[in-house]
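Trainee:
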Amino acid sequence: MDPTAITDKDREMAQKCVECAVCKRARNQQRGLAYWFVKKVEGGICPYCKAYEKVYNRKAHEPIV
1357 MDPTAITDKD REMAQKCVEC AVCKRARNQQ RGLAYWFVKK VEGGICPYCK
1407 AYEKVYNRKA HEPIV
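Shown next, in the form of structure tokens:
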């Protein structure tokens, strides 16, 4: 299996990140404690943020355009 292939599990985990209150606030506000927290923690600790980045090709704190 290709390690860059997006699986159904990746999509489910990315959806959790979309619904996450902290990540949602960071994407919408683009400043403050939630933004800083998601920006610093997302790639290293949170598997949902990693899945979000893999599925949507953007960081969890970046705004939805």
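Using my numbering, you'd call the opening residue of the sequence shown number 1357 and step up by one each time.
A virtual CB, placed ideally from N, CA and C, is assigned to each residue, including glycine.
If you're wondering where the values come from, they're calculated on a predicted model, not measured in any experiment.
1. Alpha carbon to alpha carbon, how far is V1394 from T1363?
2. By how many angstroms is the C-alpha of A1390 removed from the C-alpha of K1365?
3. For the alpha helix (DSSP H) containing K1415, name the first residue and the last one.
4. Who are the Cβ neighbours of K1406 in its own chain at under 7 angstroms, not counting the five residues just before and after it?
5. In chain order, what residues of the same chain lie with their CB nearer than 8 angstroms to the CB of V1378, ignoring the 5 residues before and after it?
Mentor: With the structure as the only source:
1. The C-alpha of T1363 is placed about 24 angstroms away from the C-alpha of V1394.
2. Those two C-alpha atoms are separated by around 26 angstroms.
3. Counting along the chain, K1415 falls outside any alpha helix (DSSP H), and DSSP gives it neither H nor E.
4. For K1406, where only same-chain residues beyond five positions count, the Cβ hits under 7 angstroms are G1399.
5. Excluding sequence positions up to five before and after V1378, its CB lies within less than 8 angstroms of the CB of A1390, F1393, V1394, all in the same chain and listed in chain order.
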